[in-house]
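Working notes for the structure below.
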Amino acid sequence: MSVEPSRYGPDFHCVTVSRDVFEVRSHYVNLRPVGGGSYGIVCSAEDTQRGRKVAIKKITDVFDDLTDAKRILREMKLLRHLGVHENIINILDVILVPPNVMDFHDIYIVTDLMESDLERIISSSQPLSDAHFQYFLYQILRGMKFVHSGNVLHRDLKPSNLLVNSNCDLSICDFGLARGVETAQNEDLTEYVVTRWYRAPELLTDCQNYNDAVDVWAIGCIFAEMLRRRPFFTGRDPSDQLHTIIRVLGSPTEEEMAFVPHEAAKRAILQNGFYPKRPLMEFFPDANPLAVDLLSRMLKFNPAERIPVMQALTHPYLAQLQNPADEPVCVEAFNFDFERASLELGVEMPKEELQRLVFQECMSIHPIEAHRMQ
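Numbering-wise, full-length UniProt numbering puts 307 at position 307 of the sequence shown, and it's gapless, one number per residue.
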């Protein structure tokens, strides 16, 4: 690691970390690479101003891909709105480089440092007890109660998007694919590129009218992965993913397929023959029966039958952790108006508009500095 003065004045310095150059505020020191996140390189650092360890994600050439730029803007806005919750990662700082409202092309997003994520923990040899499973699941549900009450669907829940620190505290991250309930309905699913292993049946059958039950399904898949220490539904492609689910859960009845929008999709579900329904306990013989009972309520084929997040929090499996007085809801629904027009028209937001909106986000965190930059 080398540190040099920055061309942007004494408030910045230029840090080279494993061939990557970070031009950040000078109160961020001792940068160390910790891996790559969505759209960027991530370093840990010490924040001498706040007296805490942080993670700094560098996103280069933000506006080269306008779809990615819009996702980054969406995540910044959502985390500023939802990040007040303990189980949602919080944006501490945003740095624009060059620090000019019309010329910036790199963005640094600073958050609390979380040493690991659930994917790494699940795949490790570290012993995990039922108490671990309860605590992780409770925090996911507690955070998602806040998200859903803000009229937001995450749509990309998976173990790597659940950050964990050394105290087993968990934070939900990566909101770049999130949608409002209304904007998600009747949307073209071509942008829905989440890992298929966590994708709900209604998405695998091209159902346009979906809701927060898609997140509950993903949480169920993550919970099953915790219990098994390996992914539960591992289809090779979307079609195989659907049939993997059916082979495990059994063939759905006509009532369970009521949400499927097309007869052709129903025929495709049943084309590989009949599979009897099997108790989930067969797949988790060593698990707490209460855990499997809650899991079975999350992994309902029909989204209308899936347990909602708020109800899951009251399940007996989580009885020792339940504290309704400390399970807040979002008092103000998130406003997706900034991208509603482009979604409805099916066109990309112009680069200049994206730049302006990203700058506004930075200004909300650093109003005095942003005033200088205008």
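Idealized CB from N, CA, C, for every residue including glycine. No experiment lies behind these values; they were computed from the predicted model shown.
Item: By Cβ distance below 7 Å, which residues in the same chain neighbour P159 in space, the five residues on each side in sequence not counted?; Value: D117, L118, E119, I122, I222, E225
Item: Start and end of the alpha helix (DSSP H) containing H85?; Value: Unbroken run through H85: none, as it is neither H nor E.
Item: Run through DSSP, which three-state label would N211 get?; Value: coil
Item: Determine which residues share a DSSP beta bridge with L163 and list them.; Value: D117, S171
Item: Does DSSP classify T67 as helix, strand or coil?; Value: helix
Item: Short check: CB of R32 to CB of F12, under 8 Å?; Value: no
Item: The alpha helix (DSSP H) with A131 in it runs from where to where?; Value: 130 to 149
Item: Under 7 Å Cβ to Cβ from G143, same chain only, skipping five residues before and after it: list those, please.; Value: H85, N87, I88, I172
Item: Where do the ends of the alpha helix (DSSP H) carrying P289 lie?; Value: 289 to 298
Item: Please list, in chain order, all residues of the same chain as P5 whose beta carbon is under 8 Å from its beta carbon, the five residues on each side excluded.; Value: H13, C14
Item: Which stretch, first to last residue, makes up the beta strand (DSSP E) that contains H243?; Value: Run containing H243: none in the beta strand (DSSP E); it sits in the alpha helix (DSSP H), 238 to 249.
Item: Let me check understanding here. Comparing Cα to Cα, which of R297, S125, N302, T244 lies closest to E254?; Value: N302
Item: So who's on the other strand from K58, going by DSSP bridges?; Value: I41, Y108
Item: Using the rule of at least 16 other Cβ atoms within 10 Å of the residue's Cβ for burial, across every protein chain shown, is T205 buried or exposed?; Value: buried
Item: If you follow the alpha helix (DSSP H) that M91 is part of, which residue opens it and which one closes it?; Value: Sequence check: residue 91 is Ile here, not Met. Not the alpha helix (DSSP H): I91 falls in the beta strand (DSSP E), residues 91 to 97.
Item: I need the straight-line Cα distance from F284 to A312, nearest angstrom please.; Value: 19 Å
Item: Do the stretch 234 to 251 and the stretch 160 to 167 touch if we need at least three Cβ pairs shorter than 8 Å?; Value: no
Item: According to the Cβ coordinates, are G40 and K58 closer than 8 Å?; Value: yes
Item: Using the Cα positions of S125 and E115, report the straight-line distance between them to the nearest angstrom.; Value: 17 Å
Item: For K266, does the three-state DSSP call read helix, strand or coil?; Value: helix
Item: Which residue marks the beginning of the alpha helix (DSSP H) containing S364, and which one marks its end?; Value: 351 to 365
Item: Going by C-alpha to C-alpha distance, which of A178, H105, D337 sits closest to T60?; Value: H105
Item: Is it the case that the Cβ atoms of F359 and V101 are separated by a distance below 8 Å?; Value: yes
Item: Let me check understanding here. Comparing Cα to Cα, which of G235, K77, D103, D112 lies closest to I365?; Value: K77
Item: At what residues does the alpha helix (DSSP H) containing V309 begin and finish?; Value: 309 to 312
Item: CA-CA distance, G176 and R229?; Value: 27 Å
Item: When the Cα atoms are used, what is the spatial distance from E263 to P98?; Value: 54 Å
Item: Please classify F146 as buried or exposed, where buried requires at least 16 neighbouring CB atoms within 10 angstroms.; Value: buried
Item: Only counting the same chain, and skipping five residues up and downstream in sequence, which positions put a Cβ closer than 7 Å to that of N272?; Value: H243
Item: Measuring CA to CA, which of D112, W197, N209, R196 is closest to E182?; Value: N209
Item: Can you give the Cα-Cα distance for D293 and E332, rounded to whole angstroms?; Value: 33 Å
Item: Measure the C-alpha to C-alpha separation of M1 and D156 and round it to an integer number of angstroms.; Value: 34 Å
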